[in-house]
Amino acid sequence: MSLAACGGCLALLTAALGGTAAADTVSIGNPVDGSNGFGVVTEGDAVLGSTESEGPVAIGGDLSFGSGYNVALHTPGSFTAPGDAQPTALLVGGRVDYAASDPTGVLRVLQNGYVKIGDMTGSQVMNTDANGAEVNTHIGRTGGGYAAIPHIELTTREPAAAVGPADLMDFPSLFSTFRDRADTMAACANNVTLLDGNENPLPDQQTVAPGSNVKIALTPGETNVLHVTGETLNNIANLTFLDQPSADTPFLVVVDTTATGGTFTWHTPNLAGVSGVNAPYMLWDFPDATDITIADGDTLDGTIYAPRANLTDLDPTNIQGDIIAKTLTAGPTAGSGGPVNAGEIHYFPFAANLRCDDSGASPSPSDIPSPSPSDSPAPPPSDSPSPSPSDSRPPSPTPQPPTPAPAPSHAGPHLPDTGASAMHIAATVAALLVTCGAWLAVRAGRQRSRRS
């Protein structure tokens, strides 16, 4: 060992010790908190073209709909407005746009759910038919009859005065919080490795060939975070889970669409090893996307979290999770390029609390440089001995207050560091110091021998 090599090793270890500072741990909580149990939430307009949402829907802007769309097929949700006898299954912050709806359109609100429309301009509520008989509520165009189409029909009688209250949800404030959470999740450190068919790490974690079969393993008891670009995500044909997401082992995918200017056409992969049982613990975060089109692919398990994006669904397969989007077109209507079968939105509300290290995307294995060979010449043989080598169905929703939850914040003091890593490095430094000291002592002894 040369003096330069000895000093170089010490410098490397000193740098390593300096780089062991713990990253900030951020407690995000449940990213959909504040949604009041609605399975679909938009800040702006929504087109419910085809075919159904099995849970409740909240629209911040205007609503238009296709020839036949069902809301709350399985549950009306948990949000009940003050004074109401039934939960609100469909909440519209704006108005109903009959002109943009299918001329034959009927939107059915099931499970005895109520409807709320913030702006009743152009709408009327009807609880009696043409013969004056009391019937289930219809909401249609002002001046039309009970059976006139397009209309919204309920499976219960809702008092006319109960349909029109405004400002039941503060959508601008809620989506400001959602965007903050999307950005916070995007800063979570990557801790999931893409594996090949033999469960070995891919040599290049950032570039995946089109049509790839990829596997992933999850670490129990922590939030598992995968950072991918939109291109990489589309190149994965089959994503196999060796471990299943759960309440204490959630799976977060952060999708970067900056390379395509925030526009992303999604060909959803086949997800093997997971199903609706795991969907409440999976989330697809699109922090920078502004336009997402689900073009084709397989059923998607997990929540789509795209609070800045206009989301268009053209895929007849299903979404099993929440949708958080700026606007939503669930199948264009006949008047706007459709009708298109956009499949079903199954009600699997996100049900995990996320916690991660706030240190950005970790370098992939291919980005971590290997040690370079030493340029220093080999030392002459030593008289002293060298050291030996060191050896299906969703959970029941929890009622939520009709106010957005606060933005995520740092979780206060860092989690305690066990010190195992630092102790290991310190031991290595000590061993190296002993080795260097012994070498220097031998070298000094030889120099004294030469002088004498």
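Add 619 to a position in the sequence shown, counting from 1, and you land on the number used in this note's numbering.
Idealized CB from N, CA, C, for every residue including glycine.
Source: prediction; values computed, not measured.
Residue range of the alpha helix (DSSP H) that residue 804 falls in? Unbroken alpha helix (DSSP H) run through residue 804: 790-805.
Would DSSP call residue 868 helix, strand or coil? strand
Per DSSP, what are the beta-bridge partners of residue 860 in this structure? DSSP output for residue 860 lists 835 as bridge partner(s).
Would you mind stating whether residue 859 and residue 898 have Cβ atoms separated by less than 8 Å? no
Out of 909, 857, 889, which has the shortest C-alpha to C-alpha gap to residue 874? 909
Endpoints, the beta strand (DSSP E) within which residue 785 is located: Secondary structure note for residue 785: it is in no beta strand (DSSP E), with a DSSP letter that is neither H nor E.
Assuming residue 1076 and residue 844 are in contact, meaning their beta carbons sit under 8 Å apart, how far apart are those beta carbons, in whole angstroms? No information on residue 1076 is available, as it lies outside the stretch 620 to 1071 that the chain covers here.
DSSP-derived helix/strand/coil call for residue 765: coil
What's the gap between the Cα of residue 726 and the Cα of residue 701? 25 Å
N- and C-terminal bounds of the alpha helix (DSSP H) containing residue 851: Where residue 851 is concerned, the enclosing alpha helix (DSSP H) stretches over 849-854.
State the DSSP-derived secondary structure class of residue 695, mapped to helix, strand or coil. coil
When you compare only the Cα positions, how much space is there between residue 717 and residue 769? 7 Å
Can you give me the C-alpha to C-alpha distance between residue 1072 and residue 904, rounded to a whole angstrom? Residue 1072 is absent from the structure shown; the chain starts at 620 and stops at 1071.
Using a Cβ-Cβ cutoff of less than 8 Å, which residues in the same chain neighbour residue 671 once the five nearest sequence positions on both sides are dropped? 688, 689, 690, 692, 963, 964
Excluding five sequence neighbours on each side, which residues of the same chain lie with their C-beta closer than 6 Å to the C-beta of residue 868? 837, 839
Does DSSP put residue 877 in a helix, in a strand, or in coil? helix
Three-state secondary structure assigned by DSSP to residue 888: Looking at residue 888 - three-state DSSP - the assignment turns out to be coil, as it is neither helix nor strand.
With distances taken from CA atoms, which of 901, 855, 906 is nearest residue 876? 906
Among the candidates 719, 656, 911, 710, whose CA atom is the shortest distance from the CA of residue 886? 911
Hey, is the region 739-746 in contact with the region 761-768, meaning 3+ C-beta pairs nearer than 8 Å? yes
Given residue 655 as reference, the closest of 827, 787, 849 once Cα atoms are compared: 787
For residue 926, name the three-state secondary structure that DSSP assigns. Strand, per DSSP.
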